[in-house]
Amino acid sequence: KIEVLGLKFVESETVEQLKSMKADKEYRMKIIHSTTEEKLKSSLDIISGNLIKQKTPTRVLHRRADLERTRKVHRAELESFDTDTAVLVIRCEGGLYVKELVSGDGGRTVPSIASLTGSEAKVIELEVTKVG
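According to the numbering used here, the sequence shown is numbered sequentially starting from 1.
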């Protein structure tokens with residue numbers, strides 16, 4: 001159940017200001033993979049606390065400029081692991097494309113979990129658990 005209080009109309013400038021804020025976010029995601037638990041844990045250790053370089057993802061290129069951005073992953077943890085799925089918790093800087101952090105988007109996100117494990121990986125469920 002979600003309850004929204006104090007909802008009101010605002011000027012477009014206020015909307016733009018809010019959209020430009022880069023609040024940290026935490027995500028819980030289920031991924032499909034073809035790697036070992038050790039390789040996955042190692043890849044999460046490598047990206048934790050490090051900067052990620054991303055070009056605009058191919059899935060949004062039709063509506064966004066093709067820019068390169070750098071965002072920080074504060075923490076990346078393995079919550080659970082199964083032979084072909086895993087649940088990850090990622091705390092990162094706002095503006096990081098987390099689906100591409102997992103898949104690599106054909107080399108447009110470096111490093112990625114897929115590139116570090118040497119195998120394919122893809123987000124199949126994604127939940128924002130914290131903002132700010």
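Glycine included, every Cβ here is placed at the ideal spot set by N, Cα and C.
Taken through DSSP and simplified to helix, strand or coil, residue 43 comes out as helix.
Sequence-distant partners of residue 23 (beyond 5 residues in either direction) whose C-beta falls short of 6 Å from its own C-beta, in its chain, are 94, 131, 132. Beta-bridge analysis with DSSP links residue 27 to 90, 128. As computed with DSSP, residue 65 is found in no beta bridge at all.
Restricting attention to 102, 38, 116, the CA atom closest to the CA of residue 124 is found in 102.
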